[in-house]
Amino acid sequence: MLTTLIYQSQLSAECSDNDLELLTREASEKNRTMLVTGILLFNGTEFFQVLEGEEHVVDRLFRHICEDPRHSDVVELMRDYSAYRRFSDTGMTLFELQKIDTTVLTDELHHMSQNRSLPDDRVFRFIKRFITQGGWYRSSEDFNHSQWQMVSNQCSRQISPQPLVENSICTFAFQPIVEPINGRVSSFEALIRSPTGKSPEELFSTIAPESLYAFDLETKVIALQQAGRILRTDEKISINLFPGSLYTIPGSVALLVEHIRQAGLRPDQVIIEILETELITRMDDFHNSLKDIRAAGIGIAIDDFGSGYSRLSLLSKFQPDKIKLDRALIVDIHKNGIKQAMIAAIVKYCEDMGIKLVAEGVEKKEEWCWLQSIGVKLFQGYLFARPCLNGIGEVHWPVRNPKI
Numbered sequence: 002m003l004t005t006l007i008y009q010s011q012l013s014a015e016c017s018d019n020d021l022e023l024l025t026r027e028a029s030e031k032n033r034t035m036l037v038t039g040i041l042l043f044n045g046t047e048f049f050q051v052l053e054g055e056e057h058v059v060d061r062l063f064r065h066i067c068e069d070p071r072h073s074d075v076v077e078l079m080r081d082y083s084a085y086r087r088f089s090d091t092g093m094t095l096f097e098l099q100k101i102d103t104t105v106l107t108d109e110l111h112h113m114s115q116n117r118s119l120p121d122d123r124v125f126r127f128i129k130r131f132i133t134q135g136g137w138y139r140s141s142e143d144f145n146h147s148q149w150q151m152v153s154n155q156c157s158r159q160i161s162p163q164p165l166v167e168n169s170i171c172t173f174a175f176q177p178i179v180e181p182i183n184g185r186v187s188s189f190e191a192l193i194r195s196p197t198g199k200s201p202e203e204l205f206s207t208i209a210p211e212s213l214y215a216f217d218l219e220t221k222v223i224a225l226q227q228a229g230r231i232l233r234t235d236e237k238i239s240i241n242l243f244p245g246s247l248y249t250i251p252g253s254v255a256l257l258v259e260h261i262r263q264a265g266l267r268p269d270q271v272i273i274e275i276l277e278t279e280l281i282t283r284m285d286d287f288h289n290s291l292k293d294i295r296a297a298g299i300g301i302a303i304d305d306f307g308s309g310y311s312r313l314s315l316l317s318k319f320q321p322d323k324i325k326l327d328r329a330l331i332v333d334i335h336k337n338g339i340k341q342a343m344i345a346a347i348v349k350y351c352e353d354m355g356i357k358l359v360a361e362g363v364e365k366k367e368e369w370c371w372l373q374s375i376g377v378k379l380f381q382g383y384l385f386a387r388p389c390l391n392g393i394g395e396v397h398w399p400v401r402n403p404k405i
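Heads up: the sequence shown begins at 2 in my numbering, then just goes up one per residue.
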């Protein structure tokens, strides 16, 4: 299948003008033998390349580019399929933007193109964007991942060994949400586990659908009890709830408030994370429950944003205290321009609306550096701390490597 792939990258600092000429010549020869068409733009530091060819050929070629040490910070910007090629010549034509007038370049692109409606084409709009503005969403040099290392604070807390509830139906693992630059824990999330510490999927698979919401609320009583024995007075706890648990169970918010009090916590120490993975079927009732939560002084977050039934219409009516980005949007974000554009827009929305934004599932320094650079300040994931069953484990903080 004919595939179009666009990527950007940076020329390695060690490369000379001769290396650039060699790279271009090698790419052109290789592309010609593989029947790949396209163009290569270079603005002095950054590459922008359009590749067209059979899908398996383009994939193999792109993997080679990602492994080439002459390229750094390779980011895939677009991958699409087409009934036609946009460029006619096989190989690779290089345009050095610092040496060519943009009007001449536009005329040359029209001449090269087999598609007469090129100005209205999405690929052409990508090309024009790079010509006029350069690369997309580059991390600042302050957050180059090679300049940072993760250091443990060796601090942990455990619940006392005696059981909190006889014949407990579940237990919880606690994971911090951190603000790395300030070295501060913002809050903790209580992650449900089976009584033996196994996954939530295994736990919920044993619950009948008609009992799900009652079980959901019952488990949060245990979460609050455990949190009350771990948290300090200036710390907060997040608990997850299905939306249906709030509007299906009568008096659900009042029940939560009472158990918060019994656990020795204040309402302002608790954040309810609304799970995005469930469709909200009674929006008016759900909205009324959110009002009750607000009136009680409890915080609200939207969990796993981007993974399930993300409702922009809900955000237009009600703004949470936090939005937590799902891990699916975070994984390898430093390599994926599509995700980067989405996250950049969400960051801007949250800044405008005064909403805190949390990146979940961060496991790599490269992910943290890109997100921190674009404006995300709160993080949760294995890079910083793993969930700790019945307690709080050690936290790892980024520390800048000493200059040599």
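Every residue gets a Cβ at the ideal spot worked out from N, C-alpha and C, and that includes glycine.
- Sequence-distant partners of His72 (beyond 5 residues in either direction) whose C-beta falls short of 8 Å from its own C-beta, in its chain, are Ser10, Gln11, Leu12, Ser13, Phe48, Ile66.
- The beta carbon of Thr25 sits closer than 7 Å to those of Leu41, Met93, Leu95, all from its chain and outside the five residues before and after it, given in chain order.
- Pairwise C-beta distances place the region 369-379 out of contact with the region 102-109, as fewer than three of them are shorter than 8 Å.
- In this structure, Val51 is the residue among Lys336, Thr133, Ser153, Val51 with its C-alpha nearest to the C-alpha of Asp81.
- Ser187 sits close to Leu379, with the two beta carbons spaced by under 8 Å.
- Taking the C-beta atoms as reference points, Leu257 is found no nearer than 8 Å to Lys199.
- If one requires a minimum length of 3 residues, the beta strand (DSSP E) runs lying completely within the region 182-209 are 185-194, in chain order.
- Where His260 is concerned, the enclosing alpha helix (DSSP H) starts and stops at 253-263.
- Contact between the region 381-395 and the region 358-365 is present: three or more C-beta pairs spanning the two stretches fall below 8 Å.
- Here Leu232 carries a coil assignment [DSSP, helix/strand/coil].
- Here DSSP, grouped into helix, strand and coil, assigns Cys389 to strand.
- Excluding five sequence positions before and after Glu97, the CB atoms of its chain that fall closer than 7 Å to its own CB belong to Phe43, given in chain order.
- Counting only runs of 4 or more residues that sit fully inside the region 78-123, the alpha helix (DSSP H) segments are 103-113, in chain order.
- Counting along the chain, the unbroken beta strand (DSSP E) around Tyr8 starts and ends at 3-12.
- In this structure, Ile324 places its C-beta atom within 8 Å of the C-beta atom of Ile303.
- For Met354, there is no enclosing beta strand (DSSP E); the residue is found in the alpha helix (DSSP H) stretching over 338-354.
- For Leu358, the enclosing beta strand (DSSP E) has its first and last residue at 357-360.
- Contact check for Gln176 against Ala342 fails: the beta carbons are separated by 8 Å or more.
- For the set Ala28, Ile182, Thr104, the Cα lying nearest the Cα of Gly376 is the one of Ile182.
- Residue pairing by DSSP places Phe306 opposite Leu326 in a beta bridge.
- Rounded to the nearest whole angstrom, the CA to CA distance from Asp102 to Thr46 is 18 Å.
- Runs of the beta strand (DSSP E) spanning 3 or more residues and lying entirely within the region 10-38 do not occur at all.
- In this structure, the beta-carbon distance from Glu53 to Thr5 falls below 8 Å.
- If you compare the alpha carbons of Asp353, Lys340, Arg328 with that of Gln320, the shortest gap goes to Asp353.
- Assigned with DSSP and collapsed to three states, Trp371 falls in helix.
- Closest in alpha carbon position to Leu276, among His57, Pro268, Glu259, Ile301, is Ile301.
- Apart from the 5 residues on each side of it in sequence, Asp269 sits with its Cβ closer than 6 Å to the Cβ of Gly298 in its chain, given in chain order.
- Gly394 and Phe173 have their C-alpha atoms some 13 Å from each other.
- The beta carbon of Ser169 sits closer than 7 Å to the beta carbons of Pro196, Ile223 from its chain, once the five residues preceding and following it are set aside; these are given in chain order.
- For Arg401, the pairing in a beta bridge is given by DSSP as Trp149.
- Rounded to the nearest whole angstrom, the C-alpha separation of Leu266 and Arg283 is 30 Å.
- Inter-residue distance for Thr249 and Asp293 is about 14 Å (C-alpha atoms, whole angstroms).
- The Cβ atoms of Ser239 and Glu274 sit closer than 8 Å to each other.
- DSSP places Ser317 in the uninterrupted alpha helix (DSSP H) bounded by 313-318.
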